[in-house]
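Residue numbers for the sequence shown follow our numbering, beginning at 8 and rising by one.
Quick reminder that beta carbons are idealized off the backbone N, C-alpha and C, glycines included.
Since the model is a prediction, treat every value here as computed from it, not as a measurement.
Working notes, structure below.
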Amino acid sequence: MPRWLRLFTFNKINEFYQKEAEEYNKTKNNSSTKSTLIDPSGNINKQAFKEASPKITPGPKVKYK
8 MPRWLRLFTF
18 NKINEFYQKE
28 AEEYNKTKNN
38 SSTKSTLIDP
48 SGNINKQAFK
58 EASPKITPGP
68 KVKYK
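What follows is the structure, given as structure tokens:
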């Protein structure tokens, strides 16, 4: 493999991993402001779970022959 191709390939791989690390750090920093449904002791917050869960309604009744 020519030297220029090795350098080009290395730089592209390096750019990819740097962007990936930046995105990871952004989400890691933003996740501290989000609330979770589980408290630090491992218990589920039932009220928050009810509010976060979608309301499920039954569909129309269908009769099969």
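Leaving aside the five residues that flank Asp46 on each side, the residues in its chain whose CB is nearer than 7 Å to its CB run, in chain order, Asn52. Separation of Asn21 and Phe15 (C-alpha to C-alpha, rounded to the nearest whole angstrom) is 10 Å. In the three-state reduction of the DSSP assignment, Ile45 falls in the strand class.
In the three-state DSSP reduction, Ile51 falls in the strand class (E or B).
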